[in-house]
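Undergrad:
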Amino acid sequence: MVQAPDHIKSINPYVPGKPVEELERELGITGSTKLASNENPLGPSPLAVKALRKGISGLNRYPDGSCFYLRSALSEKLSVSGSDIIFGNGSNEIIELAVRTFLSPGDEAIMAHPSFVVYSMIVQAVQGKSVVVPLREWRHDLEAMAAGITDKTKIIFIANPNNPTGTINTMEEMDSFMENVPDRVLVVVDEAYYEYVRSGDYADSMSYYGLGRNILMLRTFSKIYGLAGLRVGYGIAKAEIITEMNKVRQPFNVNTLAQMAAAAALKDQAHVEKSRRTNERGIKYLYRQLKALKIDFIPSQANFIYVPLRDDAAPQLYNDLLKEGIIVRPMGPRAIRITVGLPGENKRLIEALKKIRGHYN
Numbered sequence: 002m003v004q005a006p007d008h009i010k011s012i013n014p015y016v017p018g019k020p021v022e023e024l025e026r027e028l029g030i031t032g033s034t035k036l037a038s039n040e041n042p043l044g045p046s047p048l049a050v051k052a053l054r055k056g057i058s059g060l061n062r063y064p065d066g067s068c069f070y071l072r073s074a075l076s077e078k079l080s081v082s083g084s085d086i087i088f089g090n091g092s093n094e095i096i097e098l099a100v101r102t103f104l105s106p107g108d109e110a111i112m113a114h115p116s117f118v119v120y121s122m123i124v125q126a127v128q129g130k131s132v133v134v135p136l137r138e139w140r141h142d143l144e145a146m147a148a149g150i151t152d153k154t155k156i157i158f159i160a161n162p163n164n165p166t167g168t169i170n171t172m173e174e175m176d177s178f179m180e181n182v183p184d185r186v187l188v189v190v191d192e193a194y195y196e197y198v199r200s201g202d203y204a205d206s207m208s209y210y211g212l213g214r215n216i217l218m219l220r221t222f223s224k225i226y227g228l229a230g231l232r233v234g235y236g237i238a239k240a241e242i243i244t245e246m247n248k249v250r251q252p253f254n255v256n257t258l259a260q261m262a263a264a265a266a267l268k269d270q271a272h273v274e275k276s277r278r279t280n281e282r283g284i285k286y287l288y289r290q291l292k293a294l295k296i297d298f299i300p301s302q303a304n305f306i307y308v309p310l311r312d313d314a315a316p317q318l319y320n321d322l323l324k325e326g327i328i329v330r331p332m333g334p335r336a337i338r339i340t341v342g343l344p345g346e347n348k349r350l351i352e353a354l355k356k357i358r359g360h361y362n
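Take 2 as the starting number for the sequence shown in the numbering used here and just add one per residue.
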């Protein structure tokens with residue numbers, strides 16, 4: 002039998018949430034509500050849907066490997082050079098490209114815990130070492146992360162807002178942190194949820210990019226743009242960083258429909274604003290209801306809420322909610338993450354929690 006090397010064998014693979022259809026088959030239920038994967042409950046922009054219909058007839062042709070039209074649209078919207086943008090099959094691929102480009106076996110990457118689990122998986126896949134720094138008060142401890150830099154450090158991952166806690170780091174904190182990062186280290190700031198942020202203290206990563214710092218910002222069309230099923234994300238960094246990453250990027254990595262839908266979605270700011278308002282109303286409703294139920298939660302700047310639990314209660318709560326037709330995301334034995342849904346979905350969640358109270362907090 003062909004054997005994988007030990008560093009591959011020992012990877013704990015990412016386990017995505019099950020599709021709604023599969024869970025309904027397993028449980029013998031219908032009409033379930035999925036609040037597990039931080040998707041936009043409003044769906045994609047009508048302009049994106051229209052672009053998809055238009056693009057179907059050309060699927061016999063390979064996609065544009067340079068993403069020219071999407072690159073041009075994004076460059077104009079963000080006021081950045083097109084040569085400073087890289088596109089991926091979701092921002093997950095860009096995480097992988099960054100690690101494969103800049104991390105050698107034995108090199109270190111610093112990251113927080115809990116945070117996005119894919120960081121450590123990809124680092125392990127290239128025989129790098131993940132240096133994990135616990136959150137402080139549910140936020141990235143940037144001071145401790147800076148203190149963890151060694152001669153072997155090549156990458157630092159910062160999720161802002163953080164997934165799964167929904168917390169952010171401020172501009173003041175980031176300024177202090179960046180002052181302590183040597184030029185040989187790449188700071189990867191994962192901003193998958195930045196469009197949802199309401200706080201005026203949110204760190205502006207673009208300012209460091211403008212100063213020519215070694216920073217790579219990751220963003221996605223999977224969240225507020227509602228295109229999770231098409232898989233398209235992007236990174237922004239100075240051109241010399243992007244040039245090296247493109248050397249390991251596969252050709253045609255973003256399909257034609259994804260490019261067309263994303264470019265169209267950028268034109269529909271009204272849909273983005275509607276999505277943001279829907280999320281803000283939903284999160285305020287859930288805050289009120291969770292407080293009334295005396296369920297602790299972490300205030301969020303994203304489109305989900307992190308609920309810490311006692312006594313390893315997460316598996317039971319997850320399964321109890323499943324029986325009520327509600328799908329949330331367990332985050333280990335002592336927490337769940339709840340995506341903010343439409344008003345009716347949020348209400349259904351609260352009614353289910355009222356029914357099964359006693360297994361949490």
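For glycine and all other residues, C-beta sits at the position ideal for the given N, C-alpha and C. As the structure is a computational prediction, the values presented were derived from the model and not from experiment.
Could you name each continuous beta strand (DSSP E) segment of 3 residues or more that falls completely within the region 59–143, going from the start of the chain to the end?
TA: Listed in chain order, the complete beta strand (DSSP E) runs (minimum 3 residues) inside the region 59–143 are 86–89, 109–114 and 130–135.
Undergrad: Is DSSP giving Y218 helix, strand or coil here?
TA: Taking the first residue of the sequence shown as 1, we reach residue 218 at position 217. The sequence given here has Met at residue 218, not Tyr. Residue state, collapsed to three classes: strand.
Undergrad: Specify the secondary structure class of P344 as computed by DSSP and reduced to three states.
TA: As a working note, residue 344 is residue 343 in the sequence shown. P344: helix per DSSP, three-state reduction.
Undergrad: Please work out which residues of its chain come closer than 8 Å, Cβ to Cβ, to I57, disregarding the five sequence neighbours upstream and downstream, and give them in chain order.
TA: Here residue 57 corresponds to residue number 56 of the sequence shown, with the count starting at 1. Here the set comprises L258.
Undergrad: Pick helix, strand or coil for G236, following the three-state DSSP scheme.
TA: Taking the first residue of the sequence shown as 1, we reach residue 236 at position 235. DSSP places G236 in strand when its eight states are reduced to three.
Undergrad: Within the continuous alpha helix (DSSP H) that includes P316, where are the two ends?
TA: The residue given as residue 316 occupies position 315 in the sequence shown. A315 to K324 is the extent of the alpha helix (DSSP H) around P316.
Undergrad: Determine the closest residue to P47 out of D321, N215, A263 and Y195, with distance taken between C-alpha atoms.
TA: The residue you call residue 47 lines up with position 46 of the sequence shown. Among D321, N215, A263 and Y195, the Cα nearest to that of P47 is on A263.
Undergrad: In the region 223–269, which residue ranges form an unbroken alpha helix (DSSP H) of at least 4 residues, counting only runs that do not cross its ends?
TA: Taking only runs of at least 4 residues, the alpha helix (DSSP H) segments lying wholly in the region 223–269 are 240–247 and 257–266.
Undergrad: Report the partner residues of V189 according to the DSSP bridge assignment.
TA: Within the sequence shown, the letter at position 188 stands for residue 189. Answer is F158 and L217, bridged to V189.
Undergrad: Looking only at C-alpha atoms, which of A193, N320, A240 and P331 sits nearest to G83?
TA: Taking the sequence shown and counting its residues from 1, one reaches residue 83 at position 82. Closest option to G83, Cα to Cα, is A240.
Undergrad: So, using beta-carbon positions, are A99 and L24 closer together than 7 Å?
TA: Here residue 99 refers to the residue found at position 98 of the sequence shown. Here residue 24 refers to the residue found at position 23 of the sequence shown. Against a cut-off of 7 Å, the Cβ pair of L24 and A99 comes out as no contact.
Undergrad: Rounding to the nearest angstrom, what Cα-Cα distance links S301 and V119 in this structure?
TA: By one-based count along the sequence shown, residue 301 stands at place 300. By one-based count along the sequence shown, residue 119 stands at place 118. Looking at the two C-alpha atoms, the distance is approximately 21 Å.
Undergrad: What did DSSP end up calling K295 once you bin it into helix, strand or coil?
TA: The sequence position of residue 295 within the sequence shown is 294, counting from 1. The answer is coil: DSSP assigns K295 none of H, G, I, E or B.
Undergrad: Counting only the same chain and skipping the five closest in sequence on each side, list residues whose C-beta sits under 8 Å from that of K275.
TA: Translated into the one-based positions of the sequence shown, residue 275 becomes position 274. Excluding sequence neighbours, K275 sits near L43.
Undergrad: If you measure between the beta carbons of I95 and G234, is that distance less than 7 Å?
TA: Counting from one through the sequence shown, the residue named residue 95 turns up at place 94. Counting from one through the sequence shown, the residue named residue 234 turns up at place 233. Yes. Within cutoff.
Undergrad: Relative to the alpha-carbon of Y203, which residue among D176, G227, V182 and S223 has its alpha-carbon at the smallest distance?
TA: Taking the sequence shown and counting its residues from 1, the one referred to as residue 203 is at position 202. For Y203, the nearest C-alpha among the options comes from D176.
Undergrad: Where in the region 3–29 do unbroken runs of the alpha helix (DSSP H), each at least 4 residues long, occur, reported from the N-terminal end onward?
TA: Correct list: 7–10 and 21–28.
Undergrad: Does DSSP put R330 in a helix, in a strand, or in coil?
TA: One-based indexing of the sequence shown puts residue 330 at position 329. R330 falls in the strand class under three-state DSSP.
Undergrad: If I150 and P183 are in contact, beta carbons under 8 Å, what's the gap, nearest whole angstrom?
TA: The sequence position of residue 150 within the sequence shown is 149, counting from 1. The sequence position of residue 183 within the sequence shown is 182, counting from 1. Yes, I150 and P183 are in contact; Cβ-Cβ is about 7 Å, under 8 Å.
Undergrad: Taking the Cβ atom as the reference point for each residue, do I339 and I306 lie within a distance shorter than 7 Å?
TA: To locate residue 339, count along the sequence shown from 1; it is residue 338. To locate residue 306, count along the sequence shown from 1; it is residue 305. Contact flag set, yes.
Undergrad: If we ignore side chains and look at the alpha-carbon of each, how far apart do S223 and A160 end up?
TA: Here residue 223 is taken as the residue at index 222 of the sequence shown, counted from 1. Here residue 160 is taken as the residue at index 159 of the sequence shown, counted from 1. About 16 Å.
Undergrad: According to DSSP, is R289 helix, strand or coil?
TA: Counted from its first residue, the sequence shown places residue 289 at position 288. Reduced to three states, the DSSP call for R289 is helix.
Undergrad: Apart from the five residues on each side of it in sequence, which residues of its chain come closer than 6 Å, Cβ to Cβ, to D191?
TA: Along the sequence shown, read from residue 1 onward, the residue named residue 191 stands at position 190. A160 and L219, listed in sequence order.
Undergrad: Flag this pair as yes or no: are the beta carbons of S116 and V124 separated by less than 7 Å?
TA: By 1-based counting over the sequence shown, the position of residue 116 is 115. By 1-based counting over the sequence shown, the position of residue 124 is 123. No; because the gap between Cβ atoms is not below 7 Å, this pair is not in contact.
Undergrad: Restricting to Cα atoms, I'd like to know which of T34, K51, N93 and V16 is closest to E346.
TA: Locating residue 346 in the sequence shown gives position 345, where the first residue counts as 1. For the residues T34, K51, N93 and V16, the minimum Cα distance to E346 belongs to T34.
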